Each structure stands twice: as C-alpha cells, then as structure tokens.
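Using the working numbering, you'd call the opening residue of the sequence shown number 48 and step up by one each time.
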Amino acid sequence: MNLHPSARTRRPLLARQRGVTLVELMVGLVIGLLATLVIAQVAIVFEGQKRSTTGGSDAQLNGALALQTLQRDIQLSGYGIATGGGAGCELRGSRNGTVPPWNGQPMVAVRIVDGTDVATGSPDSLFMLFSGKADSSFYSLPIRVYQNHRRDGSEFVLDERTNIGTAQGDMMVVVPTPTPLPSASQVTPSWCSVFNISVDPATTDNRIVHQPGTDGPWNQDSTNTVFPGAVNADTSYAAGSHLVNLGTMTYREYSLSTSTTGSALQMRSVDNNTAQWVTADALFPQIVNLQAVYGRDTSVTRDNVVDAWDNTAPTTADGWSRVIAVRIALVARSNQREKEIVTVTEPTWMPDGVNTQPLKVDHLDSWQHYRYKVFEAAVPLRNMLWQS
Numbered sequence: 048m049n050l051h052p053s054a055r056t057r058r059p060l061l062a063r064q065r066g067v068t069l070v071e072l073m074v075g076l077v078i079g080l081l082a083t084l085v086i087a088q089v090a091i092v093f094e095g096q097k098r099s100t101t102g103g104s105d106a107q108l109n110g111a112l113a114l115q116t117l118q119r120d121i122q123l124s125g126y127g128i129a130t131g132g133g134a135g136c137e138l139r140g141s142r143n144g145t146v147p148p149w150n151g152q153p154m155v156a157v158r159i160v161d162g163t164d165v166a167t168g169s170p171d172s173l174f175m176l177f178s179g180k181a182d183s184s185f186y187s188l189p190i191r192v193y194q195n196h197r198r199d200g201s202e203f204v205l206d207e208r209t210n211i212g213t214a215q216g217d218m219m220v221v222v223p224t225p226t227p228l229p230s231a232s233q234v235t236p237s238w239c240s241v242f243n244i245s246v247d248p249a250t251t252d253n254r255i256v257h258q259p260g261t262d263g264p265w266n267q268d269s270t271n272t273v274f275p276g277a278v279n280a281d282t283s284y285a286a287g288s289h290l291v292n293l294g295t296m297t298y299r300e301y302s303l304s305t306s307t308t309g310s311a312l313q314m315r316s317v318d319n320n321t322a323q324w325v326t327a328d329a330l331f332p333q334i335v336n337l338q339a340v341y342g343r344d345t346s347v348t349r350d351n352v353v354d355a356w357d358n359t360a361p362t363t364a365d366g367w368s369r370v371i372a373v374r375i376a377l378v379a380r381s382n383q384r385e386k387e388i389v390t391v392t393e394p395t396w397m398p399d400g401v402n403t404q405p406l407k408v409d410h411l412d413s414w415q416h417y418r419y420k421v422f423e424a425a426v427p428l429r430n431m432l433w434q435s
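Written out as structure tokens, the structure is:
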C-alpha cells in the first residue's frame, strides 16, 4: 500500500534547489567589484575636495590672523616718540657695555627694510618701536630740559617739576634741539641717547638722575658715555632739548622664516634685560611673502592725507613725521599640494592703490600646484597722526 503519494513529486523540486551556476556567480562578482570601484572613486574625490577645502581654510585663517597681528602692532607703534619733533633722530644706547640692535637706527614708528634675497621671494621686514608699561595707566609726555647738560653729566635739570609720568627704572631718550640729521651729514654730530632713571623722580624735585650702576644699567660713566661731545666739558644736550619716556621700550621685528618649501611669519623683540634679540617665534605658518610701503603726506601744507605710497625711507625729521600710514600685503599658501596645476600666474597686489605688482612665489617648490590667498591692508599710524 502506497502511504506517500507525494513522493513522486518531491524529487523534481529538489533538483531545482541545487544552487547558482558559475555564470551567475561571476556576474555577481563583477557587479560587486564595479560597485566597490564606484564607491572608492567617490570617496577619493570627496577626500581630495575635503583636503583642498581644509587647506584653503587654513590659509584663510593664517593669513587673516597674520594681518590682524601686524595691524595691531603697527597701530601701537610710535607711541611716546611722535611728539617733540624727534622722528627720525638716530638712536644710541648701551646696556652695561652691550650695544642693542636698535643702536644707530632712526627713532621712527615703523621702518621697512626691503627684501633683496631673490631666492626666497625678496620678502620685506618691518621694525616697530613704541613705549609702554605693564601698568595700563602709563602715559608718555615730552619733558623740556631747562639747563645745558654736559657730556659727563649725571642728571637733567627740568623746568620746575615736569617729571610727570616718570618712575625709577624707566627708559628715557633725550632729543636734542633742533632734531639732528643723520650724523654723517652734520658739522657737529648729534643724536638721541637712551638712558634710564636711576633715582625715584619723586625725591629729586626738578631733576632726572641717570647715574650708572645697578639702578642704571643703561647709563654709562664719562669714559663710555653715549652722549654727544668730544670732551667731558662739552654740552651734549642744550637747554630746550626734551626727554621722552619710553617706559619699557619695545623694539620688534616681523619677518619671514623663508625657504623653498614654505615659510612662516615670525616675530622677535629686543630683551631690555640683555639688550639682545630674543629667539624669533614662528607665529603663522605658510605665509610665503610679505611686502610693505610707506604712506606719505607730501602736501606743501600738511593735511594728514596720504599723497604717495612708496618704499623710499625719509632722511629728515620732517620726512619721517609725514609717514602717516603703511600698506602691507601678505601671501598665504594652502597646505594641500594639488596634482594638477591650479595657479598659472603669481598673485598680485596694489602698493599704490592703483597699479598692480606681482608677489613673488615662483621660488617655492612646485609653486603652481598650490593655491594662494592675498591679504592686503592700509594701516594708519595713528600715533603719528595724533602726535601722541
């Protein structure tokens, strides 16, 4: 007796369930490989775009912060040295026998040194000078010298008690009258000398004392003095000269640490405790060029409006006092090297606000495979405008 009538129909069904053929397997593998290839290609393109975008953002951020840093210090520069007609006067000083980097340089808010190294793009350097103290209440006023000061003198006599704002330890600079031209062009050479107050002015009435010693490291005896004159009896600074309080004098340089692989905006300052440069700090990477020009008021009657932009340094006190702005340009480079050429020509800027000039980047390795961003600004020297 057949108890399983469905046995005859079960065998064909089992035959149809044995699996896929080799052709079907190969087709599936090909489809999977194509899908993987498409996904990988999309991921590679996306990653490249992301790196380009990120690199562009880094360049934008570095350039913006570098420009803001320069603008801030340019606006601070000149405080305390703009009044009294001392602009451009040659500075001289010595701390315990050590000659500082600013010795022999003009007393100006901003000094531009044109770059000459073509191999690194000829970037400029900016030197800035200003007075100040950690005390936010610091202010600097010109102080008139009432009596002639001998070359071997140790104190300046003032017109009554006009030593307002001064304190023991303050660095001072004495400006002769009239403000001298560069020493080489004078019959009787003169300059601006730096010293520091060695005795608390509150106890010396109308005198500013500058004796050498522990309390006067920027002061010298008569055999090593930086004051003008040939012999000790000579008058180094006549009545009518004036003193400028520098407080804790700040002398700073901004430049580029340059190479063919890239560079950074760096800053260094003179340490007043050693009269030497401190080690430069690299502030913002991938800044590959820095250029600057002076903005000068050339009107016959001064109107404090820039009439000319150029890199010619003035040679007189009047010329330096007419430098009322600085135009700067920075070139920031992306970190990302592109496979294709993405920069055909060098970036440009307008130093005079009208005509364009190239900003050199062709000294860099594979320079056309990087993207660049130019940051440009005209910064007023407000302390020169305000004569503060």
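Here a beta-carbon is modelled for each residue, glycine too, at the ideal position from N, C-alpha and C. Only a predicted model underlies this, so the values are computations on that prediction, with no experimental measurement involved.
Query: What do you get for ALA231, buried or exposed, if any count of 16 or more other CB atoms within 10 angstroms of its CB means buried?; Result: Unreliable positioning characterises ALA231 in this predicted model, as indicated by a pLDDT of 49, which lies under 50. A coordinate reading is not provided.
Query: Is DSSP giving TRP238 helix, strand or coil here?; Result: coil
Query: Roughly how many angstroms separate the alpha carbons of ASP365 and VAL155, rounded to a whole number?; Result: 12 Å
Query: Answer with buried or exposed for SER104, where buried requires no fewer than 16 other C-beta atoms within 10 angstroms of its C-beta.; Result: exposed
Query: In three-state DSSP terms, what is VAL85?; Result: helix
Query: For HIS416 and THR167, I'd like the C-alpha separation in whole angstroms.; Result: 18 Å
Query: Taking the alpha-carbon of ARG343 as reference, which of VAL335, VAL391, MET314 and ASN358 has the nearest alpha-carbon?; Result: ASN358
Query: Over what stretch of residues does the alpha helix (DSSP H) that includes PRO365 continue unbroken?; Result: Before going on, a small fix: residue 365 reads as Asp here, not Pro. 364 to 368 is the span of the alpha helix (DSSP H), which, as asked, contains ASP365.
Query: Quick check on this structure: which residue in GLN122, GLY79, VAL204 and LEU80 has the alpha carbon closest to the alpha carbon of MET431?; Result: GLN122
Query: What are the partner residues of ASP318, as DSSP defines its beta bridges?; Result: GLN323
Query: Any idea what DSSP makes of MET431, helix, strand or coil?; Result: helix
Query: What did DSSP end up calling ASN109 once you bin it into helix, strand or coil?; Result: helix
Query: If we call anything under 8 Å between Cβ atoms a contact, is LEU337 one with LEU377?; Result: yes
Query: Under three-state DSSP, which class holds VAL426?; Result: strand
Query: CB ASN295 to CB GLY179, shorter than 8 Å?; Result: This sequence places Thr at residue 295; Asn is not what is there. Yes. Within cutoff.
Query: Excluding the 5 residues preceding and the 5 following GLY110 in the sequence, name in chain order all residues of the same chain whose CB lies nearer than 6 Å to its CB.; Result: LEU377, ALA379, LYS420 and PHE422
Query: Tell me the DSSP secondary structure of GLN404 in three-state form.; Result: strand
Query: Using the rule of at least 16 other Cβ atoms within 10 Å of the residue's Cβ for burial, across every protein chain shown, is PRO153 buried or exposed?; Result: buried
Query: So, using beta-carbon positions, are THR392 and PRO170 closer together than 8 Å?; Result: no
Query: What's the gap between the Cα of ARG299 and the Cα of THR83?; Result: 57 Å
Query: With DSSP as the reference, please indicate the residues paired to PHE274 in a beta bridge.; Result: PHE274 is not bridged to any residue.
Query: Quick one: what does DSSP say PRO332 is sitting in, helix, strand or coil?; Result: strand
Query: Restricting to Cα atoms, I'd like to know which of GLY400, LEU406 and LYS386 is closest to PRO394.; Result: LEU406
Query: For the beta strand (DSSP E) containing ASP357, name the first residue and the last one.; Result: 355 to 357
Query: How would you label LEU69, buried or exposed, when you count the other beta carbons within 10 angstroms and need 16 or more for buried?; Result: exposed
Query: Report all residues from its chain with a CB closer than 8 Å to the CB of SER368; omit the five preceding and five following residues, and keep chain order.; Result: ALA129, GLY132, ALA134, GLY135 and MET431
Query: Can you tell which of TYR341, ALA425, THR362 and ALA329 has the C-alpha that lies nearest to the C-alpha of TRP356?; Result: TYR341
Query: Any contact between the region 206 to 215 and the region 246 to 257? By contact I mean 3 or more CB pairs, one from each, below 8 Å.; Result: yes
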